Amino acid sequence: AGVVPTTFAYNIALDSYVVGGAWVGALAFVEEMKSKGPSLEIYAYTTMLAALGKGVAGLGWMHSLAVLRELSSSRVQPNEITLSSIGGQLVQAERWQLALTSLDDA
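Residue 59 in this note's numbering is what sits at position 54 of the sequence shown, and the numbering runs on without skipping anything.
This is how it looks when you write it as structure tokens:
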């Protein structure tokens, strides 16, 4: 029988993608986690946001809002780090008004 990876192992692998600057790989890995792995926890969502902040050529804020919507529909509650990451990306993209309204709803 094979070894079943834990949530911790998945999160370490995801973090490795982000630290290595492989944001496309990180996002693909999150999709794999959703289909094959354990349920996503806030750490995985926050790490995914870090990947978006590092790589999506000025469009990370749109993807970050999609992550926020996904969080809203899941049982996972965003924490201060998650909300700060989303807010920072919105402000950096000069979408601070959107940051105020989106994060107020979170």
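Glycine included, each C-beta is placed from N, C-alpha and C at the ideal position. Every value quoted in this text rests on a predicted model; they were computed, and no experiment measured them.
By the Cβ-count criterion, Ser107 is buried, with 16 or more other Cβ atoms from all chains shown falling within 10 Å of its own Cβ. In the three-state DSSP reduction, Thr51 falls in the helix class (H, G or I). Secondary structure at Val24: helix, using DSSP grouped into helix, strand and coil. In this structure, the beta-carbon distance from Thr52 to Asp20 falls below 8 Å. Beta-carbon to beta-carbon, Leu54 and Thr87 are separated by about 6 Å, close enough to satisfy the 8 Å threshold. Here DSSP, grouped into helix, strand and coil, assigns Asn16 to helix. The beta carbon of Gly30 sits closer than 8 Å to those of Tyr22, all from its chain and outside the five residues before and after it, given in chain order.
By the neighbour-count criterion, in which a residue is buried when 16 or more other Cβ atoms sit within 10 angstroms of its Cβ, Asn16 is buried.
By the Cβ-count criterion, Gln94 is buried, with 16 or more other Cβ atoms from all chains shown falling within 10 Å of its own Cβ.
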